[in-house]
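Residue numbers (mature numbering (1 follows the signal peptide of the UniProt record, and there is no 0)): -20 to -1, 1 to 56.
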């Protein structure tokens, strides 16, 4: 009989004590912005010329990064 009482009462007690602990579950987590940590990469004109001559793919990557941020509305 003790085992039956424990099996019935224990889940009820756990459910009651768990209500406060599970309070976070009914709240939506805060949404992070697509722009969090996203900064525009600014380069001088001389650097752009250097990249165009010596490391074209890096220049394309920087431009792609900036365009992605602009399209997501991170900056104008």
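Virtual Cβ for every residue (Gly too), placed ideally from N, Cα, C.
Keep in mind that this is a model prediction, so the values were computed, not measured.
Regarding residue i and the ligand COA, is the C-beta to nearest heavy atom distance less than 7 Å?
i	result
residue 26	Absence of the ligand COA is noted for the structure shown, with no ligands found whatsoever.
Only counting the same chain, and skipping five residues up and downstream in sequence, which positions put a Cβ closer than 7 Å to that of residue i?
i	result
residue 48	none
residue 19	none
residue 54	15 and 18
Nearest by alpha-carbon distance to residue i: which of the options is it?
i	options	result
residue 24	52, 53 and 32	32
With a threshold of 8 Å on Cβ separation, who are the neighbours of residue i within its own chain once the five nearest residues in sequence on each side are excluded?
i	result
residue 21	42, 45 and 46
Complete runs of the alpha helix (DSSP H) confined to the segment 30 to 56 [at least 4 residues]: 36 to 51
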